[in-house]
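Numbering (UniProt numbering), first residue to last: 1 to 166.
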């Protein structure tokens, strides 16, 4: 059983009653014996430590949240640069939607057939016919530029959803 050393701080103490399981009582007794504190002092020590640590935990959590925020913003920045690079590689704002139309036809044919144009000759021929037919339509009625289509919104901020609307 834990011994009762004298409280050397002289600080006033107020009684608090607590009910604990036998297992927790055994752990507290063992901890009190190991530290040389009484059971009450051990409980006070551990309770105080858990409450004092909450500010430290909140501070660490805030640092973590700020780090996540920075990473998230960096990720958005990289995604925006990737989207801009993709648009430029397709000829810029005006031509991006033109390239999208044949690509959509190829995608639909591949999904319908369950095969890639790279792997299956029949799928490739069917996609070729669809693309050639679409190109004629594209030049008869030019689609709006990308910026017109997405209303000036960035692709990663909802603009991609607008791009898919037809």
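Note that the Cβ used here is the ideal one computed from N, Cα and C, for glycine as well.
Could you spell out the range, first to last residue, of the alpha helix (DSSP H) harbouring residue i?
{"i": "residue 133", "result": "121-140"}
{"i": "residue 29", "result": "22-35"}
{"i": "residue 57", "result": "39-89"}
{"i": "residue 115", "result": "No alpha helix (DSSP H) holds residue 115; DSSP gives it neither H nor E."}
{"i": "residue 147", "result": "146-150"}
Given residue i, which residues of its chain have a CB within under 8 Å of its CB, disregarding the five upstream and five downstream residues?
{"i": "residue 108", "result": "130"}
{"i": "residue 5", "result": "For residue 5, the predicted structure reports a pLDDT of 48, less than 50, and the residue's modelled location is therefore unreliable. A value from the coordinates is still provided. Within the same chain, residue 5 has close Cβ partners 36, 37, 38, 41."}
{"i": "residue 144", "result": "97"}
Do you know how far the Cα of residue j is from the Cα of residue i?
{"i": "residue 33", "j": "residue 46", "result": "14 Å"}
{"i": "residue 77", "j": "residue 86", "result": "14 Å"}
{"i": "residue 90", "j": "residue 60", "result": "45 Å"}
{"i": "residue 139", "j": "residue 99", "result": "12 Å"}
{"i": "residue 11", "j": "residue 63", "result": "35 Å"}
{"i": "residue 20", "j": "residue 28", "result": "10 Å"}
{"i": "residue 75", "j": "residue 15", "result": "54 Å"}
{"i": "residue 71", "j": "residue 24", "result": "42 Å"}
On the criterion of 16 or more Cβ atoms from any shown chain inside 10 Å, does residue i qualify as buried, or is it exposed?
{"i": "residue 122", "result": "exposed"}
{"i": "residue 119", "result": "exposed"}
{"i": "residue 127", "result": "buried"}
{"i": "residue 110", "result": "buried"}
{"i": "residue 3", "result": "Residue placement at residue 3 cannot be trusted, given a pLDDT of 47 that sits under 50; what the coordinates show is reported in the next sentence. Answer is exposed; the Cβ neighbour count stays below 16."}
With a threshold of 7 Å on Cβ separation, who are the neighbours of residue i within its own chain once the five nearest residues in sequence on each side are excluded?
{"i": "residue 134", "result": "101, 102, 105"}
{"i": "residue 115", "result": "123"}
Contact defined as beta carbons within less than 8 Å: I believe residue i pairs with residue j. What is the distance between those atoms, to the nearest angstrom?
{"i": "residue 147", "j": "residue 93", "result": "5 Å"}
{"i": "residue 97", "j": "residue 149", "result": "6 Å"}
If you drop the 5 nearest sequence neighbours on each side, which residues of the same chain put their C-beta closer than 6 Å to that of residue i?
{"i": "residue 124", "result": "117"}
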